[in-house]
Amino acid sequence: MPFIRGSPPPGDWIGVDLNATGSIAVVAHPASGGVVMLGEQPEGAGTPERCSGGKRKALRAARDRESSARGDLNRRIAREIVKMARNLECGIKLEDLTGAGFAGWQKPGAPLLFSRRDGSFFHLQNLLMVRAHDADVVIALVDPALTSRCCSRCGEQGIRRGKRFTCPRCGYTDHADVNAAFNIAAAPGIGRPAIPASSHRQRG
1 MPFIRGSPPP GDWIGVDLNA TGSIAVVAHP ASGGVVMLGE QPEGAGTPER CSGGKRKALR
61 AARDRESSAR GDLNRRIARE IVKMARNLEC GIKLEDLTGA GFAGWQKPGA PLLFSRRDGS
121 FFHLQNLLMV RAHDADVVIA LVDPALTSRC CSRCGEQGIR RGKRFTCPRC GYTDHADVNA
181 AFNIAAAPGI GRPAIPASSH RQRG
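Be aware that the sequence shown starts at 1, since it is given in the numbering used here, and climbs by one per residue.
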């Protein structure tokens with residue numbers, strides 16, 4: 001993978017899991033063992049499927065407020081992740097989530113409260129790309145296959161149940177998204193993302 005001037009040496013990366021359970025993003029730095037969870041996801045059953053009369057207007061207003069709040073949260077998270085990378089003098093690795101239909105596991109018909117499907121993670125990923133580019137921090141994409149199912153200690157496939165990951169081979173156990181973030185940091189890069197064409201609108 002080519003590296004630009006000012007980029008970190010190979011192996012010095014933080015891994016960022018954007019499809020996290022309970023948090024918006026989980027960041028792991030294998031060199032130090034450090035882990036940071038950013039942005040708590042709200043709990044709830046989602047919005048009602050049908051409404052009528054004045055409720056529709058109220059629902060639209062509520063959705064607009066929620067979208068604005070998510071945008072503000074994304075901007076804070078993107079700033080924090082890029083700040084971490086600069087302080088650690090390392091690059092940022094993200095899963096390549098451009099595959100059609102990616103939205104994470106869910107029950108049929110159940111909305112994701114914070115998902116790529118509604119643009120939330122796509123917006124955050126774009127913000128990260130733009131802010132990292134402006135700060136001369138390298139971002140690389142990795143193949144998302146098995147990042148959440150393989151053990152970050154021994155590499156064998158483990159067992160994920162909800163938020164917990166357990167490896168039957170080496171006995172390692174941790175929060176599933178922490179394990180995934182370490183795997184993302186260690187995975188080989190498959191390319192570097194292009195800066196979004198609408199980057200001037202993403203800086204916010």
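Glycine residues also receive a C-beta, built at the ideal position from the N, C-alpha and C atoms.
Neighbourhood of arginine 79 by C-beta distance below 8 Å, restricted to the same chain and skipping five residues each side: Arg131
Alanine 28 - DSSP class collapsed to helix/strand/coil: Residue state, collapsed to three classes: strand.
Rounded to whole angstroms, what's the CA-CA distance from methionine 37 to phenylalanine 182? Just pull it up for me. 13 Å
What is the DSSP secondary structure of lysine 163, counted as helix, strand or coil? coil
Tryptophan 105 burial status per 10 Å Cβ neighbour count (16 or more: buried): Interpretation of tryptophan 105 is limited by its pLDDT of 42, a score under 50 that renders its predicted location unreliable; no figure is taken from the coordinates.
Using a Cβ-Cβ cut-off of 8 Å (strictly less than) and excluding sequence neighbours within five positions of threonine 84, which residues of its own chain qualify? At residue 84 the sequence reads methionine, which differs from the threonine that was named. Correct list, in chain order: Ile14, Val27, His29 and Val36.
Compute the Euclidean distance between the alpha carbons of valine 138 and asparagine 19, then round it to the nearest angstrom. Approximately 21 Å between the Cα atoms of the pair.
Nearest neighbour of arginine 70, chosen from Ser23, Thr173, Ser148 and Ala140 [CA to CA]: Closest by alpha carbon: Ser23.
Does DSSP put tyrosine 172 in a helix, a strand or coil? Reduced to three states, the DSSP call for tyrosine 172 is coil.
Where serine 68 falls: helix, strand or coil (DSSP): helix
So, using beta-carbon positions, are alanine 135 and arginine 86 closer together than 9 Å? yes
Within 10 angstroms of the Cβ of proline 144, are there 16 or more other Cβ atoms? Answer buried if so, exposed if not. buried
Tell me which residue opens and which closes the beta strand (DSSP E) that alanine 140 is part of. Note, alanine 140: beta strand (DSSP E), 139-142.
In the DSSP assignment, find the unbroken beta strand (DSSP E) run with aspartate 17 in it and report its ends. In the DSSP annotation of this structure, the continuous segment of the beta strand (DSSP E) that includes aspartate 17 starts and ends at 13-17.
Run through DSSP, which three-state label would valine 54 get? Just to set this straight, residue 54 is glycine in the shown sequence, not valine. Three-state result, glycine 54: helix.
Who are the near neighbours of arginine 160 in its chain, counting only those whose CB is closer than 7 Å to its CB and skipping five residues on each side? Ser148, Arg149 and Ala176
When DSSP labels each residue in this structure, what does serine 23 get in the three-state scheme? strand
Contact check, isoleucine 184 vs lysine 93, beta carbons under 9 Å: yes
Where alanine 61 and serine 67 are concerned, what is the direct C-alpha to C-alpha distance, given to the nearest angstrom? 10 Å
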